[in-house]
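Each residue of the sequence shown is one higher than the one before, starting from 50 at the first, in our numbering. Backbone N, C-alpha and C fix where the C-beta goes; we use that ideal spot for every residue, glycine too. See below for the structure under consideration.
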Amino acid sequence: MSLVNITINNQPMHVEAGSTILQAARQGGFDIPTFCHADHLKPFTSCFICAVKVHGGRDTLVPSCATVVREGMLVTVEDPELDASRKMCINLLLSDHCGDCLAPCQSTCPSGIDIPGFLALLREGKTAEAAVLIREQLPFPGVLGRICPRPCEDACRRQKVDEPIAICNMKRHIADAEKERFGGPQLPTPAPATGKRVAIIGAGPAGMSAAYYLRLAGHQVRVYERHPKSGGMLRYGIPYYRLPETALETEFDALTTLGVELNFGVSVGTDIPAKKLEQDFDALILGIGAQGATPLGIPGEKLPGVWSGIDYLEAAAEQKPPVLGDRVVVIGGGNTAIDCARTALREGKGKTQVSILYRRSREEMPAQDVEIAEALHEGVTIEYLTAPKEIVQDGDGLSITLNRMELTAPDASGRRSPVPVPGSEYQVRVSAVLAALGQQVLPDLARDLGLETTRKGIKTDPQTYQTGRPGIFACGDCQSGAATAVRAVGSGRKTACSVDQYLSGLSVTGEPVLFNSSMGPLEDLSPDMFTEYAPAKRVQMPVISDAERRSTHKEVETGIQAALAVKEAERCLGCGCDAKKDCKLRQYATRYKGDQELFGPPAVGGRRGYALDASHEQIKMEVHKCINCGACVRACAEIKGLNVLAYVNRGFMTRIQVPFGRSLVDTACDGCGECTKVCPTAGIRSRQVATAG
Ligand code: FAD
């Protein structure tokens, strides 16, 4: 064997004569990206992503897969200029790549749950496995399956056929089935003890989610909570008729089984200084939520009979709500206002008249549509464009002065402001007022620890959740401002990842963010994608009787039967890509921070359209995902001599397809799968792999 001497990135090497630069670089441990290259096929150089610099001569970029080494060659295979060139190459390929890495439901979920994955398991009757899969991202499916505002369903592609999949109800079904079968969550075994200790302030969904994943990573975790029980706003805010205590306890109490220590009745800052926790533990997480009620800011708001919505709901959760009398008004337009109204209605056993007053119109009301509909169904009334001005004592009740409001023309941000209609004042006599205008983050603990705050809450790095002080992290509502439980749980998990990195002495970068190609918004999708699906009705959640709803705190939704849940899971279109775990385009787009929009529509030209060839039993072609590298064309020709595939058309319209508009099944393709082994995306894929993926 004759050797030649070359230098790659200043590293002298002896390599076999006749090797390509790519082979030599790999031998030296350099990872040059490739798309069209396959060791067993002739070089083709169509993608040019493997280009490197050969110094001397013309000093140009050459494809490393096809350039043979020469004695004394000086090569650079990694530097910022090559990174920029590879990034440009990837951006151009992405601009014409039509596919989703993750299903839109999954990429929309703030916790990133593998929704198509758990629905596929449910379809196969594997509910226990489905629960385990969900817990990789979210430890409380039974809780979130009851109260999540379901952004995933808004993104669900099934809407293009009929209605979105009942994803949230399926999540609840899976958790309920698991409880029935195993008595509670199937808990993974924590990693061996690391000897590191983490303190978490707050046993709400954010703090408890962080505790769960840190404990699984082998750390010792102690949670400090001022209340006597865990759950945060889920227990002390959300009423039992939406989230029964048992559902919460099943999943939150399981953390003690894992070995998480829960110290209840300890208010950090009052009973123990936060700085003491900082000294005694290796890392500290704040998951203290947004505990301050936004004030009404009008005269009379401190009068007896005027309650903050969250104080009222907390008293109701502790089964000692104040008696509100026969005429209650709730001020606000969010979910807290709806929860207050529906709770007051139940407490009044059908004899209390409850109205919500909201200063904007129905269109701007932030409460979920389904919650508004439920409240109206139960007999709550809603007065839009109405705002309070003053509250005064009136005998044994209260008199509230109200203004009719109108909305201004949209400002530069498109927002319309409510302003009083002149001369529209009127008075209403009421027995109680519940002020539900939102929650704010209390700044005391942040101040004690010397942490910076923003208008919304505690300032952290958005990716790592680390505050400006190393080793101190913040997640959930106290970091984002009042938001949703699913976001709080997701941020708790991501924080746990950063804390684990911090405790392991690694650089704190947070959970890896992978590139995600998108086919675009629902309205831009081609109808061709949906022609194969017959309409099938979404399964409906059964509910208790109206009489029970008006007078008891029983859970309104009773759960979906197993057979119907399987039927619902069968409606899932299985969006997302079969190749999301091994797609080279995704890997390199992540590595080089690809931008699909830079050269894509509407910036430049149009993107290739959806084109599926599912005619063959063994091989599926998604031409819309192909990047024209040609590896499949060569595999078919060089290995099998069949020439089933070819480049069709010219210029921007070039596609790799079966020529003459035929389908794969009408060719000599014997399904050997050689083409699928060299495809860097999911352009052509073995159906067996596709199903398993
Ligand atoms: P929290 O749940 O507020 O938990 C923080 C915990 O920290 C609390 O237990 C608190 O007692 C504790 N704590 C605070 N300070 C200290 C201290 N100094 N020492 C010790 N402990 C401390 N979201 C949804 O997704 N769906 C819904 O339907 C929904 N409905 C809602 C209804 C209401 C009435 C409210 C108020 C909120 C609702 N939300 C809903 C929002 C959701 O509850 C919150 O986004 C979520 O609970 C935030 O989680 P967290 O862990 O950040 O904070």
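Asked	Found
Return the chain-ordered list of same chain residues with a C-beta closer than 8 angstroms to the C-beta of S466, the five sequence neighbours on each side being excluded.	L456, T457, D460
At a threshold of 7 angstroms, does Y637 count as lining the ligand FAD (C-beta to nearest heavy atom)?	no
Tell me whether E310 counts as near the ligand FAD, meaning its Cβ is closer than 7 angstroms to at least one heavy atom of that ligand.	no
Roughly how many angstroms separate the alpha carbons of L187 and R409, rounded to a whole number?	35 angstroms
In chain order, what residues of the same chain lie with their CB nearer than 6 angstroms to the CB of A248, ignoring the 5 residues before and after it?	R271, L326, F330, L333
Compute the Euclidean distance between the alpha carbons of I55 and I70, then round it to the nearest angstrom.	10 angstroms
By the 10 Å Cβ neighbour count, where 16 or more other Cβ atoms means buried, how is K102 classified, buried or exposed?	buried
Among E120, M122, H104, T94, whose alpha-carbon lies nearest the alpha-carbon of P112?	T94
Go to D443, then tell me how far its beta strand (DSSP E) extends in each direction, as first and last residue.	435–443
Using the C-alpha atoms, what's the distance from A266 back to P239?	6 angstroms
Three-state secondary structure (DSSP) at G742?	A caution first: G742 carries a pLDDT of 38, below 50, which makes its placement in the model unreliable, though a value can still be read off. The answer is coil: DSSP assigns G742 none of H, G, I, E or B.
Residues in the same chain with beta-carbon distance under 6 angstroms from E501, minus the five sequence neighbours each way, listed in chain order, please.	K508, G517
Apart from the five residues just before and just after Q737, which ones in its own chain have a Cβ nearer than 7 angstroms to its Cβ?	none
Put N218 into one of helix, strand or coil per three-state DSSP.	helix
Please determine, among A416, I287, G318, E412, the residue with the shortest C-alpha to C-alpha distance to D360.	I287
I'd like the list of long-range same chain contacts for E212, defined as Cβ closer than 7 angstroms, with 5 residues on each side in sequence excluded.	R587
By alpha-carbon positions, which one of I214, G256, Q340, V403 ends up nearest to R743?	Because the chain is modelled from 50 through 742, residue 743 falls outside the range shown and cannot be assessed.
Identify whether E619 lies in helix, strand or coil by the three-state DSSP scheme.	helix
Identify every run of the alpha helix (DSSP H) within the stretch 594–676, keeping only runs that are complete inside it and at least 4 residues long; order them along the chain.	595–600, 611–619, 633–640
Going by the beta-carbon positions, is the gap between C205 and I214 smaller than 8 angstroms?	yes
When every heavy atom of the ligand FAD is checked, does at least one fall within less than 7 angstroms of the C-beta of P492?	no
Beta carbon of L283: closer than 7 angstroms to some heavy atom of the ligand FAD?	yes
Quick one: using the 10 Å Cβ neighbour count with 16 as the cut-off for buried, is A741 buried or exposed?	Any reading at A741 needs caution, since the residue's pLDDT is 39, under 50, leaving its predicted position unreliable; the model's value is listed next. A741 comes out exposed.
Is N384 near the ligand FAD, judged by its Cβ being under 7 angstroms from some heavy atom?	yes
Expressed to the nearest angstrom, what Euclidean distance is found between the alpha-carbon atoms of G520 and L563?	25 angstroms
Exposed or buried, T385, counting other C-beta atoms within 10 Å across all chains shown (16 or more means buried)?	buried
Measuring from the CB of E274, is there a heavy atom of the ligand FAD at a distance below 7 angstroms?	yes
Would you check if the distance between the CB atom of L45 and the CB atom of V372 is smaller than 8 angstroms?	Here the chain covers residues 50 to 742 and nothing more, so residue 45 does not appear.
Report the residue ranges of all beta strand (DSSP E) runs contained in full by the stretch 449–504; include only those spanning at least 3 residues, in chain order.	467–469, 475–479, 481–484
Nearest to G105 by alpha carbon, out of M122, M219, V490?	M122
Let me check one thing: in DSSP terms, what residues is P406 bridge-paired to?	The sequence as given places Leu at residue 406; Pro does not occur at that position. DSSP, once it has assigned bridges, lists I380, E432 as partnering L406.
How about N58 and E127: are their beta carbons less than 8 angstroms apart?	yes
Thinking just about the alpha-carbon of each residue, which of C678, I162, V693, R620 is nearest to the one in E173?	R620
What are the boundary residues of the alpha helix (DSSP H) that includes I55?	First-last for I55: 52–57, but that is the beta strand (DSSP E), not the alpha helix (DSSP H).
Whole angstroms is fine: what's the gap from G530's alpha carbon to I380's?	20 angstroms
Provide the residue span of the alpha helix (DSSP H) that contains K543, from first to last.	534–552
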